[in-house]
Amino acid sequence: MSTMTTRFPPSPTGYLHIGGARTALFNYLLARHHGGRFVLRIEDTDKARSTQEMTNAILEGMEWLGLEFDEGPFFQSERTETYNQYIDKLLQSGQAYYCDRTPEQIDVMRAEAKAKGLKRLYDGHCRELDLGPGPDRVVRFKVPRPGKVVFNDMVKGTVAIDAEEIEDFVIRRADGSPIYQMAVVVDDATMGITHVLRGDDHLSNTPKQIMLFQALGFPVPEFGHVPMILGPDKKKMSKRHGAVSVMVYKEMGYLPEAMLNYLARLGWSHGDEEIFSKEDLVEKFSIDNLGNSPSVFDQEKLNWLNSHYIKTASLDRLAPLLAEYLELRGFSSLDPDYLKTVIPLLQPRAKTMVEMADQTEFFVTPSSELSFDPKAAAKFLTDDAKVHLAALLSRFEEAPSFAPDTLENIAKAYLEETGLKFKAIAQPIRVALSGKTVSPGLFETMEVLGRERSFTRIRRAIALTT
RNA sequence: GUCCCCAUCGUCUAGUUCGGUCCAGGACACCGGCCUUUCACGCCGAUAACAGGGGUUCAAAUCCCCUUGGGGACGCCA
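Here the first sequence is numbered in the working numbering, starting from 14 and rising by one per residue.
See below:
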């Protein structure tokens, strides 16, 4: 029994999107779970649409998610000769043939077939013509007829397709370059791929590929087709929702561990469990637990997972990350130790790192530049409130310690003397400190800001003319 | 149109392999309440599904058939 080997074969004609990322994850997990190998192969046989930029983007996405591969990346564009050798083999053995029908002629043929209500498959015009090589001639695979391809899909069970449903498909273009189906089969065979786990959309390619494996005398790998991920409209994902680079999820403030966890649970489950680390997934992943109906991408659940991971992440992890997001909005050379005192106040409040960055802003904005939200100031920094702020300020200045408890006791003592309710002073203090009506707990905030910032800000609030 | 795949709460799903323990469990979201200095967190609670119809059976979410619905594929794209 050879080592289990899986692969992820993206085409560099687009970014690594949600669906691709999940496919990569499942293949990664399958290989890791069984102690096998995971191969990355870049399928760039379509020269016109493949770019280096996309290849880099895909690599970046996989790195972000932590999907390390054991071999590759291999590039199909560098293996043209190999593919052509196998195509020639097929030609020599009479399992493939040249065809001189032009794309235009084929189009006409398909249109006519459609008009007559027939299958719009290539009609096999050149199948028995025994044409030799020539300019503008493609090579087509001679689908064995009559015939039937039956295979046992790892997730869907037995799938059977009649050869009548499959046309003599092109395996080499007129320009001499090999086509996807050929490249995939040769690669999977020569790279020792034992298990092919991919999206549902490839199900109809499978019989073609199996025929190719057989014609070439290669062992046929195991196939598994995972249901697709749908958008909220239950249609195939569009740019509107997940069909963008997974890196935009990083930009939106998602943690890779949340993304990984979410992706794993889309179409896969392990009893009632919801939280899985990458290690958990490697340990628990099994094809048997894959679902077989399409699933809808739900950002709300991703949000929940993300806030979970934000709440449980270490300060050492979060501080540099937060600094990155803050830097994007112009805050540079921030003190990591200061951020580490801010973060605990924000962990239960931020669903994303972007939100955390939002909420961190007033902590890192220099007090002299802090602006007060006009509405908040008008409502809470009244003349009345300023009197109390001034009184409280002088008491806070005398505080023996700046611990939340101490501060709170000072405030309470003041309230008792004046007969005021906490609510009367809470928002004014908050607006003074943060410029806004929303912030973490007042006294924790003061502790983190420290004496100097706190006092400066309260003084500025008192001095503010509204 | 043809072929293939799929069908449990709004969403992700458990349960389907070996029908009974399921008047269907968990999670997210939503709603209500508690906590409370704002916003969150947290805690408690509620609403919510076996697409429909036929079978088989003492018994069906689980097996079979049909209908309906959804998805995918039909390229000298991958």
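Ideal placement from N, C-alpha and C gives every residue a C-beta, glycine not left out.
Query	Result
I438: first and last residue of the uninterrupted alpha helix (DSSP H) it sits in	F435 to S447
Per-residue burial, E313 [other beta carbons within 10 Å of its own, 16 or more giving buried]	exposed
R35 vs L279 beta-carbon contact at 8 Å	yes
Q194 beta carbon less than 8 Å from that of Q222	yes
First through last residue of the alpha helix (DSSP H) which encompasses R278	P269 to R278
One or two residues paired with G212 in a DSSP bridge	V239
Local Cβ density within 10 Å of K263, reported as buried at 16 or more and exposed below that	buried
Residues sharing a beta bridge with P191, DSSP	R185
Beta bridge counterpart(s) of D143 as assigned by DSSP	Answer is none; D143 lacks a bridge partner.
Neighbour-count burial assignment, Q372, 16 or more Cβ in a 10 Å radius	buried
Proximal residues to L243 (C-beta, below 6 Å), its chain only, five neighbours per side dropped	P307 and V309
Coarse secondary structure for K161, derived from DSSP in three states	strand
N- and C-terminal bounds of the alpha helix (DSSP H) containing D175	Counting along the chain, D175 falls outside any alpha helix (DSSP H), though it belongs to the beta strand (DSSP E) covering G170 to D175.
Cα-Cα separation, T115 to V295	49 Å
Residues near P453 in its chain [Cβ-Cβ closer than 6 Å; skip 5 each side]	L358
The alpha helix (DSSP H) enclosing R362, as first and last residue numbers	Here R362 belongs to no alpha helix (DSSP H), and DSSP marks it neither H nor E.
Given L462 as reference, the closest of T171, S380 and I475 once Cα atoms are compared	S380
Collapsed DSSP secondary structure at P86 in the structure displayed	strand
Three CB pairs or more closer than 8 Å across the segment 285-300 and the segment 148-161	no
G212 versus T450 - alpha carbon distance	48 Å
Residue span of the alpha helix (DSSP H) that contains V295, given as start and end	K291 to K297
Straight-line Cα distance separating D201 from S15	14 Å
Same chain, Cβ closer than 7 Å to Y275, five either side skipped, listed in chain order	K314, L315 and L318
Assigned secondary structure, L303 (DSSP; H/G/I helix, E/B strand, else coil)	strand
P269 and W77 closer than 8 Å at C-beta	yes
Bridge partner(s) assigned by DSSP for S345	Beta-bridge pairing links S345 to no other residue.
Limits of the alpha helix (DSSP H) - the one that F456 falls within	L455 to A476
C-alpha distance - R50 paired with T19, whole-angstrom precision	6 Å
Per-residue burial, S258 [other beta carbons within 10 Å of its own, 16 or more giving buried]	buried
The segment 170-190 in contact with the segment 120-130 per 3-pair CB rule at 8 Å	no
Residues of its chain near A403, where Cβ-Cβ distance is below 6 Å and the 5 sequence neighbours each way are ignored	I475
D59 in three-state terms, based on DSSP	coil
Expected contact under 8 Å - CB spacing of L446 and S467 to nearest Å	6 Å
Spatial distance of A301 from I55 (CA atoms)	In the sequence on display, residue 301 carries Asp and not Ala. Going by the C-alpha atoms only, they are around 28 Å apart.
Contained alpha helix (DSSP H) runs [length at least 4] in the segment 98-135, N- to C-terminal order	116-128
Start-to-end residues for the alpha helix (DSSP H) that takes in T68	Q65 to L78
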